[in-house]
Amino acid sequence: MKKVAIKKISALLDSLYPNATCALNFRSPFELLIATILSAQCTDKRVNIVTSRLFLDYNTPEKMAALTKEDLIPLIKDCGLFNNKSQNIINTSKILIAEYNSQVPPKREDLENLPGVGRKTANVVLGNAFNIPAFPVDTHVFRVSHRLGLSLGKSPEKVEADLCRQFSKKTWIRTHHQLILHGRTLCKAKSPLCNQCQLNCYCRFYFEGKQLSEGNFINKKETIKE
Ligand code: SF4
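The following block contains the structure:
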């Protein structure tokens, strides 16, 4: 996309969503890491409900690592995929204790080596816990980026690379939150509210939508797993 269009989209996102921020509640890098692991295939709202109880008693690697899988499953089961998530959370906590002095490492390679942590989760933690520029691509960012024509990449990694190349590094985290909010409020998966959308004059989907099959455009490309 042309630089001038990127600048216009950036300015519009800033005016539409000036306070866009991480929707997951957390008070430490560890809490954010656990909340992000729990958020796979689950809404942030539900994760916040679960972690508001979970973190009352288990908010450090030591406390979490002391749990058995059977202890943890009932505490997180509302987030779904609880077998894998509980095992990953306990194993991640044990590794943090053994290898990182009970701290969450602020490095991508270290984060991605933790159980249950993929590139998107690492990006969320780097950006939101450590303020290190990163551009997490979740299902909303993927969809909105495709529709706007910011990227036609078939994988989250390709979309991330396209977004990082086009947007200024200092705006990556903010733009990521803004695209998520835009996807949640207007650019919805099933019925985007294009006529209410101030970005429509820059939107590929809006202009070409009649030629694009909504089914192909959404369903095949939007199931992003960690
Ligand atoms: S015009 Fe429609 S498809 Fe394009 S960004 Fe806005 S809501 Fe999404």
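The sequence shown begins at 646 in the working numbering and counts up by one.
Quick reminder that beta carbons are idealized off the backbone N, C-alpha and C, glycines included.
Everything numeric in this text was worked out from a predicted model, so none of it was measured.
In this structure, DSSP gives Ser836 a state outside helix and strand, which the three-state scheme calls coil. By the neighbour-count criterion, in which 16 or more other beta carbons inside 10 Å mark a residue as buried, Ala767 falls on the buried side. Cys809: member of the alpha helix (DSSP H) spanning 801-811, first to last residue. Gln841 sits in a helix when the DSSP states are folded into three classes. The three-state reading of DSSP puts Tyr851 in helix, counting H, G and I together. Contact between Asp783 and Lys803 is ruled out by a C-beta separation of about 15 Å, above the 8 Å threshold. Comparing C-alpha distances from Leu726 to each of Pro837, Leu677, Val692, Ser738 shows the shortest one belongs to Val692. By the criterion of a C-beta distance shorter than 7 Å, Leu795 is surrounded in its chain by Met646, Asp807, Leu808, Gln811, once the five residues flanking it on both sides are discounted. Three or more beta-carbon pairs separated by less than 8 Å link the region 770-782 to the region 738-758, which places the two stretches in contact.
Distance from the C-beta of Phe850 to the nearest heavy atom of ligand 1 is below 7 Å.
Taking C-alpha positions only, Leu797 is separated from Lys648 by approximately 17 Å. Under the three-state reduction of DSSP output, Lys722 falls in the helix class. In the three-state reduction of the DSSP assignment, Ser796 falls in the coil class.
In the DSSP assignment, Phe775 falls within the unbroken alpha helix (DSSP H) covering 764-775.
In this structure, Val789 has its beta carbon less than 7 Å from a heavy atom of ligand 1. Of the heavy atoms belonging to ligand 1, none sits nearer than 7 Å to the Cβ of Pro706.
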